[in-house]
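**Student:**
Numbering (full-length UniProt numbering), first residue to last: 1 to 330.
#1: Identify every run of the beta strand (DSSP E) within the region 29-107, keeping only runs that are complete inside it and at least 3 residues long; order them along the chain.
#2: Which same chain residues, not among the five before or five after residue 72, have their C-beta less than 7 Å away from its C-beta?
#3: For residue 253, count the other beta carbons within 10 Å of its own beta carbon; 16 or more makes it buried, fewer makes it exposed. Which is it?
#4: Does DSSP classify residue 223 as helix, strand or coil?
#5: Could you have a look at residue 277 and say whether DSSP puts it in helix, strand or coil?
#6: With residue 82 and residue 5 assumed to form a contact (beta carbons below 8 Å), what rounded beta-carbon distance in angstroms separates them?
#7: Buried or exposed: where does residue 105 fall if 16 or more other Cβ atoms within 10 Å of its Cβ makes it buried?
#8: Tell me which residues share the same chain as residue 11 and place their Cβ nearer than 7 Å to its Cβ, disregarding the 5 neighbours each side in the sequence.
#9: Does the beta-carbon of residue 29 have 16 or more other beta-carbons within 10 angstroms, so that it is buried, or is it exposed?
#10: Report back the beta-carbon spacing between residue 326 and residue 283 to the nearest angstrom; my notes put them in contact at under 8 Å.
#11: Under a three-way DSSP split, which group does residue 109 fall into?
#12: Identify the continuous alpha helix (DSSP H) that holds residue 254 and give its terminal residues.
#13: Going by Cα to Cα distance, which pick from 36, 51, 37 is closest to residue 43?
#14: Taking 8 Å as the threshold, find out whether the region 288-304 comes into contact with the region 242-249 through three or more Cβ pairs.
#15: Residue 15 lies in the beta strand (DSSP E); which residues open and close that run?
#16: Would you call the region 265-279 in contact with the region 219-234, where contact means no fewer than 3 C-beta pairs closer than 8 Å?
#17: Can you tell me which of the three DSSP states residue 237 falls into?
#18: When the Cβ atoms of the region 30-42 are set against those of the region 58-69, are three or more pairs found closer than 8 Å?
#19: What is the rounded straight-line gap between the Cα of residue 62 and the Cα of residue 93?
#20: Could you check if residue 211 is buried or exposed, using at least 16 other CB atoms within 10 Å of its CB as the buried criterion?
#21: Do you know offhand how far residue 15's Cα is from residue 25's?
#22: Determine, using beta carbons only, whether residue 344 and residue 219 come nearer to each other than 7 Å.
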């Protein structure tokens, strides 16, 4: 037999998304719930659903629990109820709100198991007193009520959107017989080992995520540095360009049109005595550096960037006008 953990969800509460994604999806919590609890969920966002839940709670847990749930406001959800079969009834051990942490949630889960283990040992004592002998741990007649409630509710109302969950408190156990103490210690060791394994899995997952984030940050910083360096070079070239001559200048002028890979055109006037390096710097100042792009004539096709950058436009036959195009280097 296991404890019953009931999760009450409300979409209108800001805590719901955080609690589900950060608390209930933690590997340690999922593993511990799966091993030690029967979990069930109910959505009380709509008043009709909430009313049906309160009716079921009154029937199975009593009016006190129903009134307790009724007093919680929307922003206090989600709620976690831990239910344990005790003697001839089903007892709600406690109710917890969604504003908790993973560590606190795990401690309360373990506390719930302490109470549950203590109850099992009490059952053993009762059996010994009745039978006059030590008997193995067995299920009291009242306990099937809780699984029955879960089965009935699940068959009628459980959907694919139902969530897993839990909560609890702590207890100290006094003197027990050697056999009882051994049972308790065995359960405690199993719980501690499961908790340790879950924490280790969480740690590895967290470290892997941190490494991935660190690598992404490093690559982003490197990309930003490269972009900043390119922009600094572009601005430096732009400021170093000679002044564009007027159309009515007495000196010989070359009019150049340069088609970019996107189909746009760059147009500028140069003195025919300008060196090719000035042309290359102009193109680079527009975002097309010499290292990444080549400058070609249309007909006949000729790679201008392979010419001596110290030659002037007149020598390169880029006078009085010429149309060029840019092409990315392979």
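Note that beta-carbon positions come from the ideal geometry of N, C-alpha and C, so glycine has one too. Note that the structure is a prediction, hence the values are computed from the model and not measured.
**Tutor:** Taking the definition as stated:
#1: 37-43, 79-86, 89-97, all fully within the region 29-107.
#2: The residue you call residue 72 lines up with position 72 of the chain shown. Cβ-Cβ distances below 7 Å link residue 72 to 79 in the same chain, with the five nearest sequence neighbours on each side left out; the list follows chain order.
#3: Along the chain shown, read from residue 1 onward, the residue named residue 253 stands at position 253. Flag for residue 253 reads buried.
#4: Taking the chain shown and counting its residues from 1, one reaches residue 223 at position 223. DSSP places residue 223 in the helix class (H, G or I) of the three-state scheme.
#5: On the chain shown, residue 277 is found 277 positions in, with the first residue counted as 1. Residue state for residue 277 is assigned as helix, using DSSP reduced to three classes.
#6: Numbered from 1 along the chain shown, position 82 holds the residue referred to as residue 82. Numbered from 1 along the chain shown, position 5 holds the residue referred to as residue 5. So it is a contact: roughly 6 Å between Cβ atoms.
#7: Locating residue 105 in the chain shown gives position 105, counting from the first residue. It counts as buried.
#8: In the chain shown, the residue the question calls residue 11 occupies position 11. Same-chain partners within the cutoff: 45.
#9: As a first step, residue 29 is located in the chain shown; it is residue number 29 there, counting from the start. Classification of residue 29: buried, given that the 10 Å Cβ count is 16 or more.
#10: Taking the first residue of the chain shown as position 1, residue 326 is located at position 326. Taking the first residue of the chain shown as position 1, residue 283 is located at position 283. Distance from residue 326 to residue 283 at the Cβ level is roughly 7 Å; contact confirmed, criterion being Cβ atoms closer than 8 Å.
#11: Position 109 of the chain shown, counting from 1, holds the residue named residue 109. In the three-state DSSP reduction, residue 109 falls in the helix class (H, G or I).
#12: For this step, residue 254 is matched to residue 254 along the chain shown. The continuous stretches of alpha helix (DSSP H) do not include residue 254, which lies in the beta strand (DSSP E) extending over residues 253-259.
#13: Working through the chain shown from its first residue, we reach residue 43 at position 43. Of the candidates 36, 51, 37, the one whose C-alpha sits nearest the C-alpha of residue 43 is 51.
#14: No, the region 288-304 does not touch the region 242-249.
#15: Locating residue 15 in the chain shown gives position 15, where the first residue counts as 1. Not the beta strand (DSSP E): residue 15 falls in the alpha helix (DSSP H), residues 15-18.
#16: No: fewer than three Cβ pairs fall under 8 Å.
#17: What you label residue 237 is simply residue 237 of the chain shown in a count that begins at 1. Of the three classes helix, strand and coil, the one that applies to residue 237 here is helix, per DSSP.
#18: The region 30-42 is not in contact with the region 58-69.
#19: Taking the chain shown and counting its residues from 1, one reaches residue 62 at position 62. Taking the chain shown and counting its residues from 1, one reaches residue 93 at position 93. For residue 62 and residue 93, the distance between alpha carbons rounds to 13 Å.
#20: For the purposes of this step, residue 211 is taken as residue 211 along the chain shown, with counting starting at 1. Within a 10 Å sphere around the beta-carbon of residue 211 sit fewer than 16 other beta-carbons, which makes this residue exposed.
#21: One-based indexing of the chain shown puts residue 15 at position 15. One-based indexing of the chain shown puts residue 25 at position 25. Taking the CA atoms as reference points, residue 15 sits about 14 Å from residue 25.
#22: Absent from the structure is residue 344, since the part of the chain shown begins at 1 and ends at 330.
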